[in-house]
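K.L.:
Just so we're aligned: the sequence shown equals residues -19 to -1, 1 to 203 in mature numbering (1 follows the signal peptide of the UniProt record, and there is no 0).
For glycine and all other residues, C-beta sits at the position ideal for the given N, C-alpha and C.
Sharing a structure below in structure tokens format, with a few things to ask.
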Amino acid sequence: MFRTFLCFILLILPVTSFANLTVVGNNNIASNQVKAVKVMYMAPINNYYMSELIAAINQINIQYKQAQHIYLYINTMGGDMNSAVAAYQTIKSSAIPVTTINLATIASAGNVIFCAGSSRLGFKHSQFIFHPISWAFKDHNNNQTLTPAGLANIEEMLENTQQMVTPIYQKCTNFTPTEIKKFFYSESERHYISGNKAITHKLISAYATKMQKTPVNYYIAD
């Protein structure tokens, strides 16, 4: 459905594409007249797609200096935490305030990106999923065999990732450090948060009721 809609849009509006990043805009509006820009992110979280998102945020800040809002709509099942943190820092550093909006589902590393918003919203039936951090291990021979040293390295990397992400979750929710630690260590503590619970836990401040109309739109999709 999304791809069909996007193809229709591409036929009628000027477009700029960078790999999986597509920009749809109105050439009749000067860049200094653009007051808001929309970014639609519907892809996994990894270095490739985070590079696309970082490029989009940076380009918007450079090209549309008079813009007052960036609306970042997110739908993702998550992925790599380190890549998510890199995007988090970029969004937090944006001179133009970024509002993050949960379109449908945001899971795992996607929550890190969502937490970067200066304001955060979600559509009423959207959901957030928190679950343990995992790490795929392969050695230099693409072998998954673990040695004691390799296992120790993975444990250290998981611990470091937890320490990196915990403060981010603390800033955008009212979960305690103990509750957040359970997310990381126990699959039975996997949390599905939606509706009023998202407001109660301060993930969102209110519901989004419609998608913002903007003269410039960025699309990142797998």
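(1) Buried or exposed for Ala76, please, with buried defined as at least 16 other CB atoms from any protein chain shown within 10 angstroms of its CB.
(2) Cβ of Asn28 within 6 Å of any heavy atom in the ligand NAD?
(3) Between the segment 100 to 109 and the segment 181 to 188, are three or more C-beta pairs nearer than 8 Å?
(4) Assuming Tyr69 is part of the alpha helix (DSSP H), what are its boundary residues?
(5) Out of Pro25, Tyr45, Asn27 and Ala24, state which residue places its alpha-carbon closest to the alpha-carbon of Asn198.
(6) Roughly how many angstroms separate the alpha carbons of Pro129 and Thr3, rounded to a whole number?
(7) Can you find at least 3 beta carbon pairs, one from the segment 50 to 65 and one from the segment 73 to 90, that sit closer than 8 Å?
(8) Looking only at C-alpha atoms, which of Ile110, Gln40 and Thr195 sits nearest to Gly59?
(9) How long is the line joining the alpha carbons of Ala202 and Lys163, rounded to whole angstroms?
(10) Taking just the CA atoms, how far does Met21 sit from Asn155?
(11) Can you give me the Cβ contacts of Tyr173 inside the same chain, cut-off strictly under 7 Å, excluding the 5 residues immediately before and after it?
(12) Would Ser74 pass as a contact of Ile26 if the rule is Cβ separation under 7 Å?
(13) How big is the Cα-Cα spacing for Gln193 and Lys19?
(14) Return the residue from the list Asn56, Gln47, Lys105 and Thr71 that minimises the CA-CA distance to Asn92.
(15) Let me make sure I understand the geometry here. Which of Gln14, Cys96, Ile43 and Asp61 has the alpha-carbon closest to that of Met31?
(16) Taking a contact to mean a Cβ-Cβ separation below 7 Å, would you say Val15 touches Ala48 in this structure?
(17) Tell me which residue opens and which closes the alpha helix (DSSP H) that Val93 is part of.
P.N.:
Let's see:
(1) Numbered from 1 along the sequence shown, position 95 holds the residue referred to as residue 76. Exposed, since its Cβ has fewer than 16 Cβ neighbours within 10 Å.
(2) The ligand NAD is absent from the structure shown, which contains no ligands of any kind.
(3) yes
(4) The residue labelled residue 69 in the question sits at position 88 within the sequence shown. Per DSSP, Tyr69 belongs to the alpha helix (DSSP H) from Met62 to Ser74.
(5) Position 217 of the sequence shown holds residue 198. When each option's Cα is compared against that of Asn198, the closest is Tyr45.
(6) Residue 129 sits at position 148 when you count from the first residue of the sequence shown. Residue 3 sits at position 22 when you count from the first residue of the sequence shown. Rounded to whole angstroms, Pro129 to Thr3 spans 45 Å at the Cα level.
(7) yes
(8) Counted from its first residue, the sequence shown places residue 59 at position 78. Checked all of Ile110, Gln40 and Thr195; the closest Cα to Gly59 is Ile110.
(9) Here the question's residue 202 lines up with position 221 in the sequence shown. Here the question's residue 163 lines up with position 182 in the sequence shown. Ala202 and Lys163: Cα-Cα distance of roughly 31 Å.
(10) Locating residue 155 in the sequence shown gives position 174, where the first residue counts as 1. Locating residue 21 in the sequence shown gives position 40, where the first residue counts as 1. If you take the alpha carbons of Asn155 and Met21, they lie about 27 Å apart.
(11) Looking up residue 173 in the sequence shown gives position 192. Gln108 and Ile110.
(12) One-based indexing of the sequence shown puts residue 74 at position 93. One-based indexing of the sequence shown puts residue 26 at position 45. Cβ distance not < 7 Å, so Ser74 and Ile26 don't count as in contact.
(13) For the purposes of this step, residue 193 is taken as residue 212 along the sequence shown, with counting starting at 1. For the purposes of this step, residue 19 is taken as residue 38 along the sequence shown, with counting starting at 1. Approximately 7 Å between the Cα atoms of the pair.
(14) Reading the sequence shown from its first residue, position 111 is the one you call residue 92. Ranking the options by Cα distance to Asn92, first place goes to Asn56.
(15) On the sequence shown, residue 31 is found 50 positions in, with the first residue counted as 1. Residue Asp61 is the option with its Cα nearest to Met31.
(16) The sequence position of residue 15 within the sequence shown is 34, counting from 1. The sequence position of residue 48 within the sequence shown is 67, counting from 1. Yes; because the gap between Cβ atoms is below 7 Å, this pair is in contact.
(17) Looking up residue 93 in the sequence shown gives position 112. Gly91 to Cys96 is the span of the alpha helix (DSSP H), which, as asked, contains Val93.
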